[in-house]
Structures are given as structure tokens and as C-alpha cells.
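One structure is given below, encoded as C-alpha cells.
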Amino acid sequence: SSLTERHKILHRLLQDSSPTEPS
Amino acid sequence: TLALTPEQLVTCIMEAEPPEIYLMKDLKKPFTESSVMMSLTNLADKELVLMISWAKKIPGFVELSLSDQVHLLECCWLEVLMLGLVWRSVDHPGKLIFTPDLKLNRDEGSCVEGIMEIFDMLLAATARFRELKLQREEYVCLKALILLNSNMCVSSPESPEELESRAKLLRLLDAVTDALVWAISRKGLTFQQQSTRLAHLLMLLSHIRHVSNKGIEHLSNMKMKNVVPLYDLLLEMLDANTTHSS
Numbered sequence: 114s115s116l117t118e119r120h121k122i123l124h125r126l127l128q129d130s131s132p133t134e135p136s
Numbered sequence: 053t054l055a056l057t058p059e060q061l062v063t064c065i066m067e068a069e070p071p072e073i074y075l076m077k078d079l080k081k082p083f084t085e086s087s088v089m090m091s092l093t094n095l096a097d098k099e100l101v102l103m104i105s106w107a108k109k110i111p112g113f114v115e116l117s118l119s120d121q122v123h124l125l126e127c128c129w130l131e132v133l134m135l136g137l138v139w140r141s142v143d144h145p146g147k148l149i150f151t152p153d154l155k156l157n158r159d160e161g162s163c164v165e166g167i168m169e170i171f172d173m174l175l176a177a178t179a180r181f182r183e184l185k186l187q188r189e190e191y192v193c194l195k196a197l198i199l200l201n202s203n204m205c206v207s208s209p210e211s212p213e214e215l216e217s218r219a220k221l222l223r224l225l226d227a228v229t230d231a232l233v234w235a236i237s238r239k240g241l242t243f244q245q246q247s248t249r250l251a252h253l254l255m256l257l258s259h260i261r262h263v264s265n266k267g268i269e270h271l272s273n274m275k276m277k278n279v280v281p282l283y284d285l286l287l288e289m290l291d292a293n294t295t296h297s298s
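Respectively, the protein sequence lines represent chains R and D.
First residue of the first sequence: 114, per the numbering used here; consecutive thereafter.
First residue of the second sequence: 53, per the numbering used here; consecutive thereafter.
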């Protein structure tokens, strides 16, 4: 699988421009 | 980043520090392997989300390529968690302060197979930082250095984009090293004593890397034995580590 597929959550949190907060 | 003085950079890194976190669920006695591991992994999962937010606030980090950002965090996440734990525990000899509502002594880890060895290494590192009277400014710089140095010997850049990102990373690493040197210089030590302190602090990072590797191995075992269900982000970070090492 591609890097992006393997690291969905980490990618999403890194690319998210809003401040990340615990779910 | 290059426009910031070491003092300004330390201020930025201090401001990036994540907020204090609480577990909010009482770990009831008697502790079991499953209940302790459940608390620790639940906490790690919450802290990982805050860690990503922390990394993004370190000046220059988001200017690195996305692939570098991912690799750096994947390589260092448990080291960063462990250095944070050591820092919280530094004024509490014999105890590991995971959160204000989860404080464990070494014996309380005895119900989890293989974890006492890791607790002992963490307590030893904490005792050493206590001896050295680690300052908050030094601690935040060390944590940023762990992040930026984490994949230095893992990946070798090839494409122009990767080379550019690597050059930025090296400049950032130099800037944070200068920030640490500045933090040490505030203590009124002689030049010789400052160099010795820098060496002592940096040498402790190899100990943290070692404990982290032990921790990854331990968590993989716990996962294989189905002791505890792992949450999505923690699972992703653990898998990245075990994939790298294999």
C-alpha cells in the first residue's frame, strides 16, 4: 500500500490546518 | 527560522508545549495487566494527537516535506512520550507521573509482563535528569532535538524536493542546537562546564532512544498477545515502527 494509505490518521492530522485536539 | 534568535526560538518552542493531560478514568486496584496497559495505551493515544499539534508549532517543521514530517514523527513518537514522562516525574523520586491522576511506582508495573525493566530504565533516566537539575528551557529543546534528529540515519533523500527538505531539516536542527546552547549558557557556568553539560544532556538522549526501542518491542508483544486493543493512531504509529525495523 502507498504511504498515504498506510498513514491515514497521521497524514490527516498533519495536513489539517485547524489546531488538533484529542478526539 | 533562521531569522529567530536562539532566545526567540526557545520562547516559540516553550509556547508549543502541549497542555497538561488527564486520564479521567480511575485505574482501580487491584491492577491487572489488561487494566494497566489499557490506561497507558489510552493515554498514549491522546498524547499522540497533541504531539502532532506540538510538532506543527515548532518553527520550520511544517515547511519540511510531508513525507519528512511523517517519518520524523513515526520514528520518535515513543521517545517524545517518554521524555515528557521523565520531565513530569523529575521531582518525584521513585514514581512515574504519567498524568496527575495516574502516578505509578515501579512495583505497580509488576502485573504487566516485561514492563518493570522499562519502568526501571525510565526511573534511572529520571534520576539522572534530576541530578543534572534539568531546566524547562533545556527540556523543550531536547524534545525538539529528538524529533528533528529521529530519522537522520534512516532515510537518504534522492529527489530534489527531498534534498531541499533535508537541507531545511539540517538548518532547523542547527537552530535548535543553538537554542539549547543558549539555554545552558543562562546558568552562569564556565565555558568548560557548559560544554560538559551539553554533552551530558545529549548523551541521555541515547538512553531515551534505547528505552523507546524496548518500549516498542514491549507494545508489539502486548498487541500480539491481544492483552489490549490498540486505538487507531497508536496502532498506525506502532505499525510504522515495526515496519521500519523489519
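Ideal Cβ positions, reconstructed from N, Cα and C, are used throughout, including at glycine.
- Using a Cβ distance threshold of 8 Å, residue 89 of chain D and residue 280 of chain D count as a contacting pair.
- Proximity of residue 132 of chain D to chain R, defined by a Cβ-Cβ separation below 8 Å, is not satisfied.
- Residue 157 of chain D is bridged by DSSP to D/147.
- Contacts between residue 115 of chain D and chain R, judged by CB atoms closer than 8 Å, are missing: the closest CB pair is about 13 Å apart.
- Taking a C-beta distance under 8 Å as the contact criterion, residue 161 of chain D and residue 150 of chain D do not qualify as a contact pair.
- As the crow flies, the alpha-carbon of residue 187 of chain D is around 9 Å from that of residue 139 of chain D.
- Between residue 253 of chain D and residue 184 of chain D a beta carbon distance of about 7 Å is seen, short of the 8 Å cut, so the two are scored as contacting.
- Look at the segment 179-265 of chain D and you find these whole runs of alpha helix (DSSP H), each 4 residues long or longer: 188-201 and 212-237.
- The Cβ atoms of residue 114 of chain D and residue 124 of chain R do not sit closer than 8 Å to each other.
- Taking a Cβ-Cβ cut-off of 8 Å, the neighbours of residue 104 of chain D in chain R comprise 123, 126, 127 and 133, given in sequence order.
- Here residue 218 of chain D is buried. Its C-beta has 16 or more other C-beta atoms within 10 Å.
- For residue 284 of chain D, the nearest beta carbon of chain R is closer than 8 Å to its own beta carbon.
- Shown here, residue 167 of chain D sits in a helix according to DSSP, grouped into three states.
- Less than 8 Å separates the beta-carbon of residue 289 of chain D from that of residue 100 of chain D.
- Secondary structure at residue 56 of chain D: coil, using DSSP grouped into helix, strand and coil.
- The C-alpha of residue 212 of chain D is placed about 43 Å away from the C-alpha of residue 141 of chain D.
- For residue 66 of chain D, the closest C-alpha among the options D/204, D/202, D/85 and D/191 is that of D/191.
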